[in-house]
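*Asks:* Residue numbers (full-length UniProt numbering): 1 to 259.
We put the beta carbon where it would ideally sit given N, CA and C, even for glycine.
Once you've had a glance at the structure underneath, I'll fire off some questions.
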Amino acid sequence: MDKVLGSAAEAVADVGSGSSLAVGGFGLCGIPLVLIQALLAQGASALETVSNNCGVDGAGLGLLLEAGRIARTVSSYVGENKEFARQYLSGELEVELTPQGTLAERLRAGGSGIPAFYTPAGVGTWIAEGGLPWRYAADGSVALASPAKQTRAFNGQDYVLEEAIVTDFALVRAAVGDRHGNLVYDASARNFNPLCAMAGRITIAEVEQLVEPGEIDPAQVHTPGVFVQRVVEVGTEGKRIEKRTVRPHEAGHDHERGL
């Protein structure tokens with residue numbers, strides 16, 4: 001089955017307001033930036049996003065956030081984004097914080113048909129006991145707090161029950177994809193992408209390079225095409241470095257190396 005569509009706009013056309021989205025990436029590494037831009041132009045609002053983080057100011061999911069399109073997010077890291085902090089503290093955004101490993105497993109479990117699982121992460125904290133502020137009121141009081149979760153002891157150690165995540169759509173980015181939806185990610189851009197791809201009922205993949213079926217070695221496939229419903233080729237333009245770090249210049253360094 002050929003799953004390739006002609007444009008990112010066509011791929012996200014049926015993402016309706018109020019939809020839930022699992023979005024791959026880590027910071028700005030491996031994010032589906034073209035699909036996010038297309039969704040911004042499409043106009044869907046009141047979205048619930050599930051992603052390691054919610055982008056940064058002016059990039060990634062931060063674009064949807066700044067436009068007021070995200071109503072709720074499930075994330076494990078919320079730094080690097082002043083607008084995110086403002087919306088959360090002012091009561092405009094509902095935030096469910098979850099440990100990073102737990103978030104990864106909730107997505108994997110959702111894609112594997114596992115409804116819930118026990119984990120030691122979060123035992124003895126607000127994660128398990130409830131009371132974590134999910135949404136604030138305009139006056140700074142807590143309008144909605146997280147509920148307490150079931151805990152159980154196994155072999156003398158306590159564990160908390162975490163529910164799997166399944167979303168209406170998933171947006172991911174891969175380095176290479178074929179027309180059947182098989183995907184290969186590049187190095188650290190693999191991050192949350194395979195997990196998000198599993199968790200979406202409809203998974204949309206933007207790929208930098210589109211190849212024909214059979215051109216990808218089956219042993220190299222990271223996400224099998226069974227998890228992917230739509231593919232869009234986007235090239236490599238627009239990728240951005242989140243934080244550029246360079247070594248301080250040392251006087252005479254190049255001369256000493258004979259350069």
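Using a Cβ-Cβ cutoff of less than 6 Å, which residues in the same chain neighbour A46 once the five nearest sequence positions on both sides are dropped?
*Replies:* The answer, listed in chain order, is S17, G18, A71.
*Asks:* Tell me which residues share the same chain as L40 and place their Cβ nearer than 8 Å to its Cβ, disregarding the 5 neighbours each side in the sequence.
*Replies:* L63, L64, A67, R69
*Asks:* Looking at the structure shown, is L97 part of a helix, part of a strand, or coil, going by DSSP?
*Replies:* L97 falls in the strand class under three-state DSSP.
*Asks:* Any idea which residues DSSP pairs Q157 with across the strands?
*Replies:* F154
*Asks:* Counting Cβ pairs, one atom from each stretch, are 3 or more of them under 8 Å apart for the region 172-179 and the region 218-237?
*Replies:* A contact exists between the region 172-179 and the region 218-237.
*Asks:* With a CB to CB cut of under 7 Å and the five nearest residues on each side skipped, what residues in its chain are close to V211?
*Replies:* Within the same chain, V211 has close Cβ partners V176, D178.
*Asks:* Tell me the start and end of each unbroken beta strand (DSSP E) in the region 12-93 that is at least 3 residues and wholly inside, in chain order.
*Replies:* Entirely contained in the region 12-93, the beta strand (DSSP E) runs reaching 3 residues are, in chain order, 20-23, 47-50, 70-75.
*Asks:* Where do the N-terminal and C-terminal ends of the beta strand (DSSP E) with E208 fall, by residue?
*Replies:* 200-211
*Asks:* Chain E beta carbons: is any one of them nearer than 9 Å to that of E206?
*Replies:* Among the chains in the structure shown there is no chain E, since it carries only a single protein chain.
*Asks:* Measuring straight from C-alpha to C-alpha, what distance separates G124 and Q209?
*Replies:* If I take the Cα positions, the gap works out to 46 Å.
*Asks:* For G111, I'd like the list of residues in its chain whose CB is within less than 6 Å of its CB, leaving aside the five on either flank, ordered along the chain.
*Replies:* Excluding positions up to five away in sequence, the list reads M198, A199.
*Asks:* Whose C-beta lies closer than 6 Å to the C-beta of G181 among residues of the same chain, with five residues either side of it excluded?
*Replies:* K3, G225, V228, V231.
*Asks:* Using the C-alpha atoms, what's the distance from N193 back to G30?
*Replies:* 7 Å
*Asks:* Do V172 and A121 have their C-beta atoms within less than 9 Å of each other?
*Replies:* Between V172 and A121, the C-beta gap is not smaller than 9 Å, which leaves the two residues out of contact.
*Asks:* Rounded to the nearest angstrom, what separates I165 and G214 at their Cα positions?
*Replies:* Between I165 and G214, the C-alpha separation is close to 32 Å.
*Asks:* For G25 versus N191, is the C-beta distance shorter than 9 Å?
*Replies:* yes
*Asks:* For the 8 Å Cβ check, are there 3 or more pairs between the region 131-151 and the region 86-101?
*Replies:* The region 131-151 vs the region 86-101: in contact.
*Asks:* Closest to E94 by C-alpha separation, out of L61, K149, W134, would be which residue?
*Replies:* W134
*Asks:* If you measure between the beta carbons of L195 and R108, is that distance less than 9 Å?
*Replies:* yes
*Asks:* With DSSP collapsed to three states, give me the class of F117.
*Replies:* strand
*Asks:* Give the DSSP-derived three-state secondary structure of G131 in the structure shown.
*Replies:* It is coil, neither helix nor strand.
*Asks:* How should S7 be labelled, buried or exposed, when 16 other C-beta atoms within 10 angstroms of its C-beta is the threshold for buried?
*Replies:* exposed
*Asks:* Look at the alpha carbon of K82 and the alpha carbon of G58, and state the distance between them as a whole number of angstroms.
*Replies:* So the two alpha carbons sit approximately 10 Å from each other.
*Asks:* Could you name the residues of the same chain whose beta carbon sits closer than 6 Å to that of Q150, not counting the 5 residues immediately before and after it, in chain order?
*Replies:* L161
*Asks:* Rank A13, G131, E96 by C-alpha distance to the C-alpha of E48 and give the top, closest one.
*Replies:* E96
*Asks:* Starting from the Cα of A183, find the closest Cα among A205, G101, G238 and give me that residue.
*Replies:* One detail in the question is off: residue 183 reads as Leu in this sequence, not Ala. Nearest C-alpha to L183: A205.
*Asks:* Between V74 and A44, which are expected to be in contact by the criterion C-beta below 8 Å, what is the C-beta distance as a whole number of angstroms?
*Replies:* Not a contact, Cβ separation roughly 18 Å.
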